[in-house]
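J.:
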Amino acid sequence: MSAVLPLGWAVLLPVLLLAVTWAVVAADVLAAGRAGGRPVPWTVAALTPAREALRLLVGQRRRAVGGDELLRGIGGAVLPLAALLAAVVLPLGLRPVADLGVGIVWFNAMEVFAWAAVWLVGWGSNSTLSLIGGYRFVAQGLAWELPHMFALITAAVGAQSLRVTDVVAAQQGLWFVVIMPVAFVAFLLSVAAMAFWGPFGAPVGRDVAGGAAAELGGVDRLVFVTGRWLLLVAAAAMAVPLFLGGGHGPWLPAWAWVLVKTLAVLAAVVALRHRLPTIRMERWTEFSLVVLTPATIAQALVVTLVALGEGGLR
Amino acid sequence: MNLQAFLVVAAALVSVGLFGALTQQSIVMVMMGLELLLNGVILAAAAFWYFLAPSGTEGQVLIVIVVTAMAIEMAAGFAVTTAIYRAKRIDMTDDATELRG
Amino acid sequence: MDLRNALLRAAAARPHVLVVGGVGTDRLRARVEQEIARRRWPVATAPADADVLVVVGRPGPELDPVIDGVWAAVPVPRSRAQITGEDEIASALEAAVRTLSDLTAQHALALRDGLPTAHTDTSPGEQDQHADGHDEQTGHDEHSGSHHHQEGGMELPGGLAMADLGEDRDGLVLDQLHVALGPVLPEWPSGLVVDVVLQGDVIQEARSRFLDLDLDDRDAPECLPDAARALDSAARVLALVGWDGPAARARGLRDALLFDRVDGSRVLEEVDDLRRRVRRSRLLRWMLRSAEAGRSEVLETLHDKLLSARCAVAGAGGAAPVAVDLPALDSRLVGAEFAAARLIVAVADPQPQPTLTRPADRGGAS
Amino acid sequence: MTTALFVVLAATAVVAGALVFRVDSMARATFLLLLSFLAVAGLVLMTGLQYVGLVIVLMMVIEMVVMAVFMIMYMMNPAGLMSMSMFHNTRGAAVIAAATFVALAGGALLVDWPVRGGSPAPDPTMALGESLMSGQMLTMMTLGVTLFATIVGTVVLATGRGRYDRLGDELDAPASDDRDRGGVGR
Chain C
34 MSAVLPLGWA VLLPVLLLAV TWAVVAADVL AAGRAGGRPV PWTVAALTPA REALRLLVGQ
94 RRRAVGGDEL LRGIGGAVLP LAALLAAVVL PLGLRPVADL GVGIVWFNAM EVFAWAAVWL
154 VGWGSNSTLS LIGGYRFVAQ GLAWELPHMF ALITAAVGAQ SLRVTDVVAA QQGLWFVVIM
214 PVAFVAFLLS VAAMAFWGPF GAPVGRDVAG GAAAELGGVD RLVFVTGRWL LLVAAAAMAV
274 PLFLGGGHGP WLPAWAWVLV KTLAVLAAVV ALRHRLPTIR MERWTEFSLV VLTPATIAQA
334 LVVTLVALGE GGLR
Chain P
39 MNLQAFLVVA AALVSVGLFG ALTQQSIVMV MMGLELLLNG VILAAAAFWY FLAPSGTEGQ
99 VLIVIVVTAM AIEMAAGFAV TTAIYRAKRI DMTDDATELR G
Chain U
217 MDLRNALLRA AAARPHVLVV GGVGTDRLRA RVEQEIARRR WPVATAPADA DVLVVVGRPG
277 PELDPVIDGV WAAVPVPRSR AQITGEDEIA SALEAAVRTL SDLTAQHALA LRDGLPTAHT
337 DTSPGEQDQH ADGHDEQTGH DEHSGSHHHQ EGGMELPGGL AMADLGEDRD GLVLDQLHVA
397 LGPVLPEWPS GLVVDVVLQG DVIQEARSRF LDLDLDDRDA PECLPDAARA LDSAARVLAL
457 VGWDGPAARA RGLRDALLFD RVDGSRVLEE VDDLRRRVRR SRLLRWMLRS AEAGRSEVLE
517 TLHDKLLSAR CAVAGAGGAA PVAVDLPALD SRLVGAEFAA ARLIVAVADP QPQPTLTRPA
577 DRGGAS
Chain B
841 MTTALFVVLA ATAVVAGALV FRVDSMARAT FLLLLSFLAV AGLVLMTGLQ YVGLVIVLMM
901 VIEMVVMAVF MIMYMMNPAG LMSMSMFHNT RGAAVIAAAT FVALAGGALL VDWPVRGGSP
961 APDPTMALGE SLMSGQMLTM MTLGVTLFAT IVGTVVLATG RGRYDRLGDE LDAPASDDRD
1021 RGGVGR
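Chains as they are written, first to last, in this note's numbering: chain C, 34 to 347; chain P, 39 to 139; chain U, 217 to 582; chain B, 841 to 1026.
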């Protein structure tokens, strides 16, 4: 058994991600209905993603006067691309599509493109509210990137490898979430922040009329929104190999465990959105830099000491 | 793909960056020129490592140093720009005449 | 052709609706919102996100061009509905959906080469009011950042204007943008426009006004009863802080009070439940807490609103909402960051009082 | 295949780098520079330096977004709606740049480079890490201290109101008088 999935999976990966995205969008509609006191039947919810996509597909694209069409288009397209490329190192089961030696750095480098994407969309729309949305994302990004990187580093230190499959293999006995809970929480928070989701939704908030996406219509909006969902799914799915033991588990085959765990993480992320209000930028920035970053550094230090104590570095 | 090709590309990047750094009026644009120049240095370092001394790690260490230097240059550049701007409301190198003495 | 028709019909099944109303249309707007929520249609955040533009009441001469501008920014397939009475709501919405799925009608509505045609401005005084934050689609002549008749603006190709410079709160001289907030913004009081000078997302100057205030021939403005108005405004605040569930609940309670003859005890129970959730949310407190500038006020006022709604439902006759006059609102907005400013406007929930707030120097505002 | 990839990446790097100084829009200039960096990162990846190549991608995306923010903050006409020339001393710079290119490229082509010594470590990333943590430890420590000094220095330079302005001369104010307070309440 080779360490990598056959090449055909590269085509299947987007399909898989979209399928999970579909389920998550439907779950979000259900949760929104429940939270708002107006429950939605699940049949309606299951159809909603398709209806919305169709609505945007037949919709007209919009141009912004004085806007930078090119940059906006690039920004919109980069978002789903970044999500798909980041997902390449995700083990589906025990094997990823591409088993890079520096998979964790690859994942990090790809999702960072969201910074450029959201800012470009906000800038290219040439609207004050869009630009405010773009800037909000950058401000948030500066706050979440450090705890996020330290969380990734902690998992890598625990496995003593930057290869995602090695990280999974290292969790055969004990899931990393047990020995690095702070890193796991920081990672989950940064997943939500990366996809400007829920409590971190200020870049596309209602107060700025949709923020970065305010001026997008038709296919442009579809690509942007889909990219955002894909990013959320891909990043949340990454929590499984990094902290939740990947495909390891009793009874079920590895792929089933990955699916179950991914859906569980996504359910938690969706619940987060419906339970919590949006966190304001200045609050989050200070909290992230003053509390979360030192906490993740301390977590990394503890894990490093444990790794050293268990027989030193290989 | 050989050492000479890499080095010529690196030389092109360095000279374009130099041209930008020398001609631009805005401090921020001057910094972009410097970044481009360092970009060429990175490429040359990678090429030297790969084609001349792949067994060592000096090439990689050099790239790490250059990347750090870029980050420092950016941070320092923006801090200086902010300080000058706060004091003088200018962001053009030509206007910062004190620097000329 | 059949396939395209079918696609249009399927796409029209869940239209996003943008509701626009002038001063004094709150009750009718609430009724429309209730009907939209009943059909589970989402409320659009911006013209770009909308399929159906619902105009509530009869817009006056100041609001009318704004609505035309918004309409020009709605992408095809689109439809526009005018609702002036409660009995028209259902039929108007159904007609809107029919238009949405009608291929020939949509062909006629399609924007020429993707750009809205420019509308002609009748007077410089009106021009400001198109700038509603989405204005770069409303015409060729405006830029969200700036109005080209503003002094200090440099003329740019395409009639866009360059931003001014001004000192920010950190002592740096940076670009300032002149933007008119409202009247078409999510969770925004009907008919209100605040002309602001924005630096980044910090408001440097603000001047608020109501559109179409001096219309004497308007029907007696329908005001919401106190409890419903408190809930309406609380729902806006909750939606602005991104807490959609409680916001929807507050809105549902408002509708229950206004239109459904339900027994008071159930509403009372739910209002109490909502109050408890709001009071207990530590994150909300963390976010709104501050020593300064109407921020802790936001939370207190939100509590007060829910409390007064409770009192009104219970028949105890809670205190009537304090009328906020526009100059006071302006002074509170200065120096606030954009998200904070939105909250300040939402909690202030200013109501037009023609005799009190009509500024003597209306012409000077623009 | 490799040659084609090399040519494409090299051309992208140089052309995007040159266009940085040709376009009017600051946002476009910044992201063209990013494109140039990404192309160079691609070339670095082609030499087998996976870790370093990806770190360049990671750093440069963040750096360029931050740069764009500053560009727009300080430049007039950031969107490039009005074309304006921002060059000075073009001729002299062109001569210097051309001379530099001729000297460097000529040197690259004419020097008799030594033959390749040794082969890459099986895992260059591991080699880099081991080297930084042993032989090159001094480099790593110097970088760390320099970065820390930069953080302190740039904050001091750029900040308008320091903690003495916010918390009083004795730093004994119970809370700062900031208009917008952070999440920890300092």
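Positions of the beta carbon are idealized from the N, C-alpha and C atoms, including for glycine.
As the structure is a computational prediction, the values presented were derived from the model and not from experiment.
Is there a C-beta anywhere in chain C that falls below 8 Å from the one on B:LEU976?
T.: According to the sequence shown, residue 976 of chain B is Gln rather than Leu. No, B:GLN976 does not count as interfacial toward chain C.
J.: When DSSP labels each residue in this structure, what does U:ALA297 get in the three-state scheme?
T.: In the structure shown, U:ALA297 sits in a strand (DSSP, three-state: E or B).
J.: In terms of alpha-carbon separation, which member of C:GLY191, C:LEU309, C:LEU285 lies closest to C:PHE233?
T.: The candidate whose alpha carbon is nearest that of C:PHE233 is C:LEU309.
J.: Just list the alpha helix (DSSP H) runs in the region 223 to 272 of chain U, keeping only unbroken ones of 4 residues or longer that don't cross its boundaries, in chain order.
T.: For the region 223 to 272 of chain U, whole alpha helix (DSSP H) runs of length 4 or above, ordered along the chain, are 242 to 254.
J.: Reducing DSSP to helix, strand and coil, say where C:VAL122 ends up.
T.: Of the three classes helix, strand and coil, the one that applies to C:VAL122 here is coil, per DSSP.
J.: Measure from the alpha carbon of U:VAL270 to the alpha carbon of each residue in U:GLU249, U:GLY276, U:ALA324, then state which is nearest.
T.: The shortest Cα separation from U:VAL270 among U:GLU249, U:GLY276, U:ALA324 belongs to U:GLU249.
J.: Are the CB atoms of U:GLY458 and C:GLY238 within a distance shorter than 8 Å?
T.: Yes.
J.: Any beta-carbon of chain B closer than 8 Å to the one on C:ALA149?
T.: It does; some Cβ of chain B falls within 8 Å.
J.: May I ask you to list, following chain order, the residues of the region 863 to 877 of chain B that have a beta carbon less than 8 Å from some beta carbon of chain C?
T.: Under the 8 Å Cβ criterion, the region 863 to 877 of chain B contributes SER865, ALA867, ARG868, PHE871, LEU874.
J.: Can you list the residues of chain P that B:ALA1046 reaches, using a CB-CB cut of under 7 Å?
T.: Residue 1046 of chain B falls outside the range modelled here, since chain B spans only 841 to 1026, and no answer is possible.
J.: What did DSSP end up calling B:PRO960 once you bin it into helix, strand or coil?
T.: It is coil, neither helix nor strand.
J.: Going by DSSP in three states, U:VAL290 sits in which element: helix, strand or coil?
T.: If DSSP states are grouped into helix, strand and coil, U:VAL290 belongs with coil.
J.: For chain C, check one thing: does any of its Cβ atoms lie closer than 8 Å to the Cβ of U:PHE475?
T.: No, U:PHE475 lies away from the interface with chain C (no Cβ there is under 8 Å from its Cβ).
J.: Going by DSSP, name the residue or residues bridged to U:GLN415.
T.: BP columns for U:GLN415 point to U:VAL418.
J.: So is P:ALA125 in contact with chain B if we call contact Cβ pairs under 8 Å?
T.: No, its Cβ sits nowhere closer than 8 Å to a Cβ of chain B.
J.: Under 7 Å Cβ-Cβ, which residues of chain C neighbour B:LEU849?
T.: Here the premise fails: no neighbours, minimum Cβ distance about 17 Å.
J.: Distance, Cα to Cα, C:ALA119 vs C:ALA267?
T.: C-alpha separation (whole angstroms): 7 Å.
J.: Can you say whether B:PHE988 is buried or exposed, counting buried as having 16 or more other CB atoms within 10 angstroms of its CB?
T.: By the 10 Å Cβ count, B:PHE988 comes out exposed.
J.: Closer than 8 Å by beta-carbon distance: list the chain U residues that pair up with C:LEU45, in chain order.
T.: Within 8 Å Cβ-Cβ: nothing; C:LEU45 doesn't reach chain U, min ~27 Å.
J.: Does any residue of chain C bring its CB to less than 8 Å from the CB of U:GLU403?
T.: Judged by the 8 Å Cβ criterion, U:GLU403 is in contact with chain C.
J.: Relative to the C-alpha of C:LEU265, which candidate in C:VAL252, C:GLY280, C:MET227, C:PRO286 has its C-alpha closest?
T.: Of the candidates C:VAL252, C:GLY280, C:MET227, C:PRO286, the one whose C-alpha sits nearest the C-alpha of C:LEU265 is C:MET227.
J.: Would U:ASP303 be called buried (16 or more neighbouring beta carbons within 10 Å of its own) or exposed?
T.: By the neighbour-count rule (16 or more Cβ atoms within 10 Å), U:ASP303 is not buried but exposed.
J.: Using a C-beta cutoff of 8 Å, does C:ASP101 count as contacting chain B?
T.: Yes, C:ASP101 counts as interfacial toward chain B.
J.: Please state whether DSSP places C:LEU40 in a helix, a strand or coil.
T.: Residue state, collapsed to three classes: coil.
J.: Roughly how many angstroms lie between the CA atoms of U:LEU316 and U:GLY285, to the nearest whole one?
T.: So the alpha carbons of these two residues sit roughly 19 Å apart.
J.: Please tell me whether B:ALA937 and P:VAL47 are closer than 8 Å, where the distance is taken between their beta carbons.
T.: Contact flag unset, no.
J.: Ignoring anything shorter than 4 residues or poking outside the region 984 to 1017 of chain B, list the alpha helix (DSSP H) runs there in chain order.
T.: Qualifying alpha helix (DSSP H) stretches, in chain order: 1003 to 1007.
J.: U:TRP502 touches chain C at which residues, Cβ-Cβ below 7 Å?
T.: Residues of chain C passing the Cβ test: ARG316.
J.: Residues of chain B with CB closer than 8 Å to the CB of C:TRP177, please, in chain order.
T.: None at all; the shortest Cβ gap to chain B is about 12 Å.
J.: Under a CB-based cut-off of 8 Å, is P:VAL68 close to chain B?
T.: It does not: the Cβ of P:VAL68 has no partner Cβ on chain B nearer than 8 Å.
J.: Going by other Cβ atoms of all chains shown within 10 Å of its Cβ, with 16 needed for buried, is B:SER959 buried or exposed?
T.: B:SER959 comes out exposed.
J.: Can you give me the start and stop residues for the alpha helix (DSSP H) that C:ARG88 sits inside?
T.: 75 to 91 is the span of the alpha helix (DSSP H), which, as asked, contains C:ARG88.
J.: How far does the alpha helix (DSSP H) with C:HIS281 in it reach, from first residue to last?
T.: Unbroken run through C:HIS281: none, as it is neither H nor E.
J.: Where U:HIS356 and U:ALA288 are concerned, what is the direct C-alpha to C-alpha distance, given to the nearest angstrom?
T.: With a pLDDT of 36 at U:HIS356, under the threshold of 50, the predicted position of this residue should be treated as unreliable, and no value is reported.
J.: Using a 10 Å radius around the Cβ and a threshold of 16 neighbouring Cβ atoms, would you call U:GLU516 buried or exposed?
T.: Exposed.
J.: Give the interface partners of B:THR999 over in chain C, defined as CB-CB distance under 8 Å, in chain order.
T.: Per Cβ cutoff of 8 Å: no residues; B:THR999 is ~15 Å from chain C at best.
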